[in-house]
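A quick write-up on the structure given underneath.
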Amino acid sequence: TRLMAQMAAETENLQMQATRDLTAAVAATFTAVNGDAERLAPFLARLMVSAEGYRALGIVNPAGSLIAGSHPDRMESDYAGRKWLSSSFKRQGLVMGSYRGERIDGEPVIYFSRSVIDSSGDIVAVVFAALDLNWMNRGFLNQLDELPAGSRLILANENQVMLRYEVDSARWAAAQPLDPELQKRIE
């Protein structure tokens, strides 16, 4: 069981690195084409073909309006107020959104974002990638089938359970406060 948890963690780390590289490449392309939406939209659509596991790729302006997206006809046009977007203004590098409540075409996703900074140091856009949580489940947690009935995989930080996978129901559960008993067992 410990080996399976280590394998799941390593796979998650690889996915994070792939997402970091993907958003950096999109940000660099945005800069290279001077934010030209007509050039960015087809680029994002082609990139989606090879970016397995993602539901959407996009670029929004600082107000949260969609500049270009991989599927602009099926994507929202306004992302203002999203926590991942506001977090992108506070720190550089890859920002991970919440596991809770984000969906595209009815499928649960988690948003990752990265700000695009111009030569003056101003944020001119934010790149995002929406990772399909069900794909993530199929892709790197197939080994969960080997766990005994009643088992769970829990992703937690020091304050809360961010994501929980229930083997019996084969479903993900969203964030919740960390059970003090579980916290004691972890420590």
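Numbering (the numbering used here), first residue to last: 1442 to 1628.
Idealized CB from N, CA, C, for every residue including glycine.
These numbers come from a predicted model, not from an experiment.
Residue i - containing alpha helix (DSSP H), residue span
{"i": "P1549", "result": "P1549 -> not in any alpha helix (DSSP H); beta strand (DSSP E) instead, spanning E1548 to I1558."}
{"i": "A1478", "result": "A1478 to S1491"}
{"i": "L1526", "result": "K1524 to K1531"}
Among the options, the one whose alpha carbon lies nearest that of residue i
{"i": "R1496", "options": "R1605, F1569, R1593 and E1451", "result": "F1569"}
{"i": "P1483", "options": "R1605, G1534, H1512 and F1530", "result": "H1512"}
{"i": "Q1456", "options": "A1492, S1527, N1502 and G1534", "result": "A1492"}
{"i": "L1463", "options": "Y1520, L1572 and S1539", "result": "L1572"}
{"i": "D1514", "options": "I1551, G1499 and A1566", "result": "G1499"}
{"i": "G1547", "options": "T1452, F1530, L1574 and N1475", "result": "L1574"}
Where residue i falls: helix, strand or coil (DSSP)
{"i": "M1516", "result": "coil"}
{"i": "R1612", "result": "strand"}
{"i": "V1467", "result": "helix"}
{"i": "L1507", "result": "strand"}
{"i": "E1543", "result": "coil"}
C-beta contact flag for residue i and residue j at 7 Å
{"i": "R1605", "j": "R1593", "result": "yes"}
{"i": "A1509", "j": "A1465", "result": "no"}
{"i": "M1577", "j": "F1553", "result": "no"}
{"i": "A1468", "j": "V1557", "result": "yes"}
{"i": "V1565", "j": "L1526", "result": "no"}
Host beta strand (DSSP E) of residue i (start-end)
{"i": "L1572", "result": "I1564 to D1573"}
{"i": "L1498", "result": "Y1495 to V1501"}
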